[in-house]
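Q: This is the structure, below, for whatever I ask next.
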Amino acid sequence: MSHYKLFDHTADIGVEVTGRTRKELFVNAAEALFDIMLESKSGDVSAKKRKTITVEGADVADLLINFLRELLYLFNGEKFVTGSCDIIEFSNKELRTRLTGELFNRKKQTIKTEIKAVTYSGLTVEKVKTGWKARIIFDV
Amino acid sequence: MSGIILEKLDDNRWLLPQTGGMRVPGIIYANEKIYQLLKGDESAKQVANVAHLPGIVNFSLAMPDVHWGYGFPIGGVAAFDLDGGIISPGGVGYDINCGCRLMTTNLTLGDIKARLSDLTTALYQHIPSGVGSTGSVKLSGKDQKKVLEEGAAWAVKVGFGSAEDLETTEDGGAIMGADPEQVSARALERGKEQLGTLGSGNHFLEIEVVQEIFDEEAAKAFGLHKGQIAVMIHTGSRGLGYQICDDYLALMVKHAQETGIVLPDRQLACAYLESGRGKNYLAAMACGANYAWANRQILMHKTREVFEKTLRLSPRDVNMRLVYDVCHNIAKIESFNIGGVLKKLCVHRKGATRAFPAGHEAVPERYRKVGQPVLIPGDMGTGSYVLVGQPKATEETFGSACHGAGRVMSRSQAIKNSRGRSIARELSEKGVLVMAGSKGTLSEEMPEAYKNLQDVVQVMHEAGIARKVAKLKSIACIKG
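Protein chains in written order, with numbering that gives the first Met the number 0: chain A, 0 to 139; chain B, 0 to 479.
As structure tokens, then:
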């Protein structure tokens, strides 16, 4: 079962992500970001490259946005496609994540949608019965 | 419409009454038909949200192409007092100085009809488009700094176009006060390879033909006449602008928390204009704006070259002249009469075009008798309108008008609706040749996804904000 679904937004793309835990919510949100942007032509993203990133935030919602902003920058600025993320530290104000992935390769992937930014607009992150749920709008 | 009740003021304006934490009321420019469309999205709520921001003057405004954006609505206009007011990167948008430029030629449809396919192909080959496209202009760090400081003038200096082009570019193609030191290393890196590129999404380059003239005097001043071939370019500051906005939004989310500015939506994050962060953003935003002007100047030059080479005509025969270049995602420090006093304000135009009337000192000398050209591109394949700014714009809308048709359909809905159809073929049947890098873009941008441009423009015309001058029909379009 997919851990996210798209919701309608006139100009942009909205996504509702769920996860059993906070960590899972973040990992699923990262997956949604790359699913919306890229389409694989052959096989999964390899784990050729590794990176560790640290992001800060005022609260869990701010952390989530800053985490996704960082992944988006790594893609746009360094062509790094995140294949998997392993959250190694998660406090209320800071997140440390180990990423594996590879450099973007036009032979392997195509860009479906250019995401200009991860916005704060209409952002919600909440605890629900089954775990966590977030609504995020990507500017496209 | 999230329970917001609008009161009809007249045929083209609706009042959004001041309630709760709103500091001023809102006004939405819409006729009955557009008002009905407002019910389907959250844009009225966003107009109300903007009205909560400190230092907002008179009204939180929305133009008739208003639609649901992030933070500010798209089509939103709001002005803030320099004393106690704020600046918001979200009120400018990610694509800083996204805008349009219109060029006319000496050619008629008959002159290019037989070569239209070659011409469009050549444009598609020479104008880099598509997601993450990189340009032929590679910038050293030193040159990039100059682009950010000098804007279109830099492009002219290195051989893209002529000094005359700057006369009919908004602000002469550069906002003063640009400081590259305020732009992050990340933004600079993203900007290095993207100068001279169109990008993707709703950005385009169109060949159009002037179909109808509504105002002979203004059309003459702008050099427009029926049957003439023109070119419209729509693009902005590419990754550099997106990154500047993104960097400063994150800073301002912090600033708002520190200064206690209450935000109905975090995307409205802002800083006081007199604060260090506010000033730094303005200096960085100016860099983004100047990059966009250099970008459009370079694209225009490449277009001129392609026309001359493909049609084997001399520059004099093609005579591609810049009518005007407008930005429609920007914040500007401008003076307006507020209650009898001339006040300096920071005017945010998020998907809105400046529309200054005749006599205004910011209008190029050659147009000063008629007013500033207002360029309104429509949806893919429909064409564009040229309007001229009217006195009521400076009285009611801080000198602003609409910027396009405005979406009514989400991208996913558009893709669903276009399933099993060939949008390119449908457009070709309507006489529009389209070349695009991706089928997805064509589906997302299909004509039905947008409001009727004629309705949007008519509201501005009837409300006395900007008068119709000419209508142009597209005949060819290239997209990313």
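Where is the CB? At the ideal position from N, CA and C, for every residue including glycine.
Within 8 Å of any Cβ in chain A, is that where the Cβ of Arg410/B sits?
A: Yes, its Cβ sits closer than 8 Å to a Cβ of chain A.
Q: Relative to the C-alpha of Asp378/B, which residue among Glu205/B, Ile111/B, Ala61/B, Val146/B is closest?
A: It is Glu205/B.
Q: From Pro363/B to Ala220/B, what distance separates their C-alpha atoms?
A: The straight-line gap from Cα to Cα measures roughly 11 Å.
Q: In its own chain, which residues sit with a C-beta less than 8 Å from the C-beta of Leu341/B, not counting the 5 before and 5 after it?
A: Taken in chain order, the residues that qualify are Ser334, Phe335.
Q: Under 9 Å between beta-carbons, which chain A residues line up against Ile73/B? List them in chain order, please.
A: Thr9, Ala10, listed in chain order.
Q: Can you give me the Cβ contacts of Val458/B inside the same chain, cut-off strictly under 6 Å, excluding the 5 residues immediately before and after it?
A: Asn11, Tyr28, Asn30, Pro63, listed in sequence order.
Q: What residues in its chain sit with their C-beta under 7 Å from that of Glu428/B, if we drop five residues either side in the sequence?
A: Closer than 7 Å at Cβ, skipping near neighbours: no residue.
Q: Select from the stretch 111-134 of chain A all residues with a C-beta closer than 9 Å to any C-beta belonging to chain B, and list them in chain order.
A: Within the stretch 111-134 of chain A, the qualifying residues are Lys111, Thr112, Glu113, Lys115, Ala116, Val117, Thr118, Tyr119, Ser120, Gly121, Leu122.
Q: For Leu5/A, would you say it is in contact with chain B, using Cβ-to-Cβ distances shorter than 8 Å as the test?
A: Judged by the 8 Å Cβ criterion, Leu5/A is in contact with chain B.
Q: In the stretch 244-273 of chain B, which residues sit with their C-beta less than 8 Å from some C-beta in chain A, listed in chain order?
A: Those residues of the stretch 244-273 of chain B that come within reach of chain A (Cβ to Cβ, closer than 8 Å) are Cys244, Asp245, Leu248, Ala249, Val252, Lys253, Gln256, Asp264, Arg265, Gln266, Ala268.
Q: Let me make sure I understand the geometry here. Which of Cys269/B, Leu312/B, Met102/B, Lys415/B has the alpha-carbon closest to that of Asp110/B?
A: Answer by Cα proximity: Leu312/B.
Q: Locate the beta strand (DSSP E) running through Asp85/A, then write down its first and last residues.
A: Its beta strand (DSSP E) spans residues 79-89.
Q: Note the first and the last residue of the continuous beta strand (DSSP E) segment covering Tyr290/B.
A: That residue, Tyr290/B, is in no beta strand (DSSP E); its alpha helix (DSSP H) goes 275-310.
Q: If distances are taken between C-alpha atoms only, which option among Gln296/B, Pro88/B, Tyr323/B comes closest to Gln242/B?
A: Comparing Cα-Cα distances from Gln242/B to each of Gln296/B, Pro88/B, Tyr323/B, the minimum goes to Pro88/B.
Q: Could you give the distance in angstroms between the alpha-carbon of Ile175/B and the alpha-carbon of Ile260/B?
A: The question names Ile, yet the displayed sequence has Met at residue 175/B. So the two alpha carbons sit approximately 28 Å from each other.
Q: Any chance you could list the alpha helix (DSSP H) runs of at least 4 consecutive residues sitting entirely within the stretch 200-253 of chain B, in chain order?
A: For the stretch 200-253 of chain B, whole alpha helix (DSSP H) runs of length 4 or above, ordered along the chain, are 215-221.
Q: In this structure, how does DSSP classify Val385/B when only helix, strand and coil are distinguished?
A: The answer is strand: DSSP assigns Val385/B an E or B state.
Q: Counting only C-beta atoms, is Asn75/A closer than 8 Å to chain B at any point?
A: Yes, Asn75/A counts as interfacial toward chain B.
Q: Taking Cβ positions only, does Asp61/A come closer than 8 Å to chain B?
A: Chain B, which has a Cβ nearer than 8 Å to the Cβ of Asp61/A, makes this yes.
Q: Looking at the strands, I want to know which residues DSSP matches up with Pro376/B.
A: Its beta-bridge partners are Ser383/B.
Q: I want to see whether chain B comes within less than 8 Å of Ile52/A, judged by CB atoms only; does it?
A: Not one chain B Cβ lies under 8 Å of Ile52/A.
Q: When the Cα atoms are used, what is the spatial distance from Ser494/B to Glu148/B?
A: Beyond the ends of chain B as shown, which are 0 and 479, falls residue 494/B; an answer cannot be given.
Q: Return the CA-CA distance between Gly82/A and Gly100/A, expressed in angstroms with no decimal places.
A: Gly82/A and Gly100/A: Cα-Cα distance of roughly 4 Å.
Q: Check whether the Cβ atoms of Val468/B and Val407/B sit closer than 8 Å, and answer yes or no.
A: Cβ atoms of Val468/B and Val407/B: not closer than 8 Å.
Q: Using the Cβ count rule (16 or more neighbours within 10 Å means buried), how would you classify Ile4/B?
A: Result: exposed.
Q: Where does Trp489/B sit, in a helix, a strand or coil, going by DSSP?
A: Nothing in the structure corresponds to residue 489/B, since chain B is present only between 0 and 479.
Q: Relative to chain A, which residues along the stretch 61-91 of chain B have a C-beta separation below 7 Å, given in chain order?
A: The residues in question are His66, Trp67, Gly68, Tyr69, Gly70, Ile73.
Q: Could you check how far apart the C-beta atoms of Gly358/B and Arg367/B are, in whole angstroms? I think they sit under 8 Å.
A: Confirmed, Cβ separation roughly 6 Å.
Q: Using a cut-off of 7 Å between C-beta atoms, extract the partners of Arg189/B located in chain A.
A: By Cβ distance, chain A contributes Asn75, Gly76.
Q: Is the CB of Ile136/A under 8 Å away from at least one CB in chain B?
A: Answer yes: the Cβ-Cβ gap between Ile136/A and chain B drops below 8 Å somewhere.
Q: Classify Trp480/B as helix, strand or coil using the three-state DSSP reduction.
A: Because chain B spans 0 through 479 in this model, residue 480/B falls outside it and cannot be assessed.
Q: Is any beta-carbon of chain B found at less than 8 Å from that of Asn65/A?
A: Chain B, which has a Cβ nearer than 8 Å to the Cβ of Asn65/A, makes this yes.
Q: Could you tell me whether the Cβ atoms of Arg134/A and Gly121/A are closer together than 8 Å?
A: A contact, by the Cβ cut-off of 8 Å.
Q: Using a Cβ-Cβ distance cut-off of 8 Å, determine whether Arg311/B contacts chain D.
A: The structure shown contains no chain D; its protein chains are A and B.
Q: Helix, strand or coil for Arg503/B per DSSP?
A: Since the displayed chain B opens at 0 and closes at 479, residue 503/B lies outside it and no answer follows.
Q: Tell me whether the beta-carbon of Cys401/B lies closer than 8 Å to the beta-carbon of His233/B.
A: Against a cut-off of 8 Å, the Cβ pair of His233/B and Cys401/B comes out as no contact.
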